[in-house]
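Okay, so the sequence shown: first residue is 10 according to the working numbering, each after it adds one.
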Amino acid sequence: MAQESADGYNAMSGDCLKMNIWSPNSGYNPKAVMVWIYGGGLSFSGFERGSINNPAYIGANLAANEDVIVVSFNFRTNIFGFSNAPGTATNNGLRDVRLAIEWIRDNIAAFGGDASRITLFGQSQGAYLISYYAFAFYQDPIAHAFIQQSGSAWSPITQSTSEKASSWKNASAAVGCDQTTYLQVVECMRSQNLSTLVFANYTQRILEHKVSDNPVLMGNNDNEAGFYVFRYGGQENFNLSQAAQDYIGYGLYVCPGAVEAATRANAGYPVYRYEYMGDWPNLELYAGSRAYHTAETSLVFGTMEELSGDPNVELKVTVSRYMQHAWASFSKDPHRGLEELGWPLYNQSGDTLIRLGHAKETSASYVSPAAFDEVCENFE
Numbered sequence: 010m011a012q013e014s015a016d017g018y019n020a021m022s023g024d025c026l027k028m029n030i031w032s033p034n035s036g037y038n039p040k041a042v043m044v045w046i047y048g049g050g051l052s053f054s055g056f057e058r059g060s061i062n063n064p065a066y067i068g069a070n071l072a073a074n075e076d077v078i079v080v081s082f083n084f085r086t087n088i089f090g091f092s093n094a095p096g097t098a099t100n101n102g103l104r105d106v107r108l109a110i111e112w113i114r115d116n117i118a119a120f121g122g123d124a125s126r127i128t129l130f131g132q133s134q135g136a137y138l139i140s141y142y143a144f145a146f147y148q149d150p151i152a153h154a155f156i157q158q159s160g161s162a163w164s165p166i167t168q169s170t171s172e173k174a175s176s177w178k179n180a181s182a183a184v185g186c187d188q189t190t191y192l193q194v195v196e197c198m199r200s201q202n203l204s205t206l207v208f209a210n211y212t213q214r215i216l217e218h219k220v221s222d223n224p225v226l227m228g229n230n231d232n233e234a235g236f237y238v239f240r241y242g243g244q245e246n247f248n249l250s251q252a253a254q255d256y257i258g259y260g261l262y263v264c265p266g267a268v269e270a271a272t273r274a275n276a277g278y279p280v281y282r283y284e285y286m287g288d289w290p291n292l293e294l295y296a297g298s299r300a301y302h303t304a305e306t307s308l309v310f311g312t313m314e315e316l317s318g319d320p321n322v323e324l325k326v327t328v329s330r331y332m333q334h335a336w337a338s339f340s341k342d343p344h345r346g347l348e349e350l351g352w353p354l355y356n357q358s359g360d361t362l363i364r365l366g367h368a369k370e371t372s373a374s375y376v377s378p379a380a381f382d383e384v385c386e387n388f389e
């Protein structure tokens, strides 16, 4: 079930399968299509919430600035999209994503889009879904490229099968669906019996070429845990322990992304990896929050002013436009677009980690990933 409020977080509605399309009024040549899959949390039975109504996700600026089609759509979340009901394990949310992309493929030409140049880009739970999607539909991904912002299928933030089963049991009992058999429970909960997607070993699947080999742009923010310090640590004292912050930042985001990027690169798949390091006072959650989880999203969309309510400083706008151009260049031509900007394909031995927003730089700089990944050495 997706959120239907203006801020994307409060009200809920079962009537959530909706889509936004932004198409620039410029020329007649078919345009690359950037399909946004929103974030929103993974704490309850998998993918928790989110909505295309979040003002940070307005695609008008990105579409106009980069001459691309921008599409966003709602999909079912929480137990309505990822119930994992024992005996009939469902994955309605991911199937919603697939159906939306099939619709876009079949209809985007009417909006000026090029169906052969569809790129999926998403943040947090959206990036997880994109990572899963590349495995689930590797034989016919439709999309020709993927952008994963702070999310990888390798992350332990997604629950184990047993934990998901427990979440389903607790939720179904809470609403009175505690019948004798699992099928009766599912009927009571009005879920759909769809095929489950369980991948026991992502690395092995990549080595067996059971993943889309289309190019991937993926990365993280410099202080992913900063968002959780604000959300869970207490808005007055921010007392989330350093150990907890390290686990959130590295264990849930940076290290899983590092492993996926390295695995893809070692298998010969084209992958770019970035680290967003922007630090903007009017986007801070608290003093020192730096580049927290979600902080890059408004720069990618060019919606910083809509989000903060404050006028943008010129430097931040310049960084935002550079990031928009990079994302769009990759979407238009995932094999050469970023190469033309000077970005190197990722590998673990060279200066191939792309820094964005570092020390107020207005373009990218490149460093060895070793400085960021040392703590990930034993991550599995």
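Don't be surprised by glycine CBs; every beta carbon is placed ideally from N, CA and C.
- A direct Cα-Cα distance of roughly 31 Å separates T212 from V80.
- Boundaries of the beta strand (DSSP E) around E284: V280 to Y285.
- Counting every other CB atom within 10 Å of its CB across the protein chains shown gives R282 a total of 16 or more, marking it as buried.
- T361: not part of any beta strand (DSSP E); DSSP gives it neither H nor E.
- Note on Q148: under 16 other CB atoms within 10 angstroms of its CB, so exposed under the neighbour-count rule.
- Residue state for K325 is assigned as helix, using DSSP reduced to three classes.
- Taking all protein chains shown into account, N63 has 16 or more neighbouring C-beta atoms within 10 Å of its C-beta and is therefore buried.
- Boundaries around R214 are those of the alpha helix (DSSP H), Y211 to L216, since no beta strand (DSSP E) includes it.
- Separation of P150 and A69 (C-alpha to C-alpha, rounded to the nearest whole angstrom) is 26 Å.
- Within the same chain, Cβ atoms closer than 7 Å to the Cβ of D288 are found at R299 and A300, the five residues on either side in sequence being excluded.
- Less than 9 Å divides the Cβ of I117 from the Cβ of V42.
- Apart from the 5 residues on each side of it in sequence, I110 sits with its Cβ closer than 6 Å to the Cβ of I151 in its chain, given in chain order.
- The criterion of a C-beta distance shorter than 9 Å is satisfied by C385 and V268.
- For Y375, the enclosing beta strand (DSSP E) stretches over residues S374 to V376.
- Beta-bridge analysis with DSSP links Y301 to N232.
- Residues of the same chain with a CB within less than 7 Å of the CB of G311, apart from the 5 flanking positions on each side, are N70, L71, N74, S329 and Q333 in chain order.
- The DSSP-derived three-state label of W336 is helix.
- Short of 7 Å from the beta carbon of I113, and not among the five residues preceding or following it, lie these beta carbons of its own chain, in chain order: V42, V44, V80 and I127.
- In the structure shown, the three-state DSSP call for L294 is coil.
- For N116, the enclosing alpha helix (DSSP H) has its first and last residue at N101 to N116.
- Counting only residues of its own chain and dropping the five nearest sequence neighbours on each side, W163 has a CB closer than 7 Å to the CB of Y211, P265, V268 and E269.
- By alpha-carbon distance to F120, the top candidate from S35, A368, W336 and G258 is S35.
- Using a 10 angstroms sphere on the CB of R364, the tally of other CB atoms reaches 16 or more, which defines it as buried.
- Per the DSSP secondary-structure output, W31 pairs in a beta bridge with V79.
- Nearest to A380 by alpha-carbon distance, out of N223, A136, E284 and Y262, is E284.
- Contact check for L354 against V376 fails: the beta carbons are separated by 9 Å or more.
- Counting the other CB atoms within 10 Å of its CB gives T303 a total of 16 or more, which places it among the buried residues.
- One Cα belongs to V326, the other to A368, and the distance between them is close to 15 Å.
- In the DSSP assignment, I139 falls within the alpha helix (DSSP H) that extends over Q134 to A145.
- Between S125 and the set D342, Y37, F82 and V280, the nearest pair of CA atoms involves D342.
- In the DSSP assignment, the residues bridged to Q158 are Q132 and G228.
- If you draw a 10 Å sphere on the C-beta of N38, you find fewer than 16 other C-beta atoms in it, and that means exposed.
- In this structure, DSSP gives R126 an extended state, which the three-state scheme calls strand.
- At a Cβ-Cβ threshold of 9 Å, A337 and V77 count as neighbours.
- Taken through DSSP and simplified to helix, strand or coil, I257 comes out as helix.
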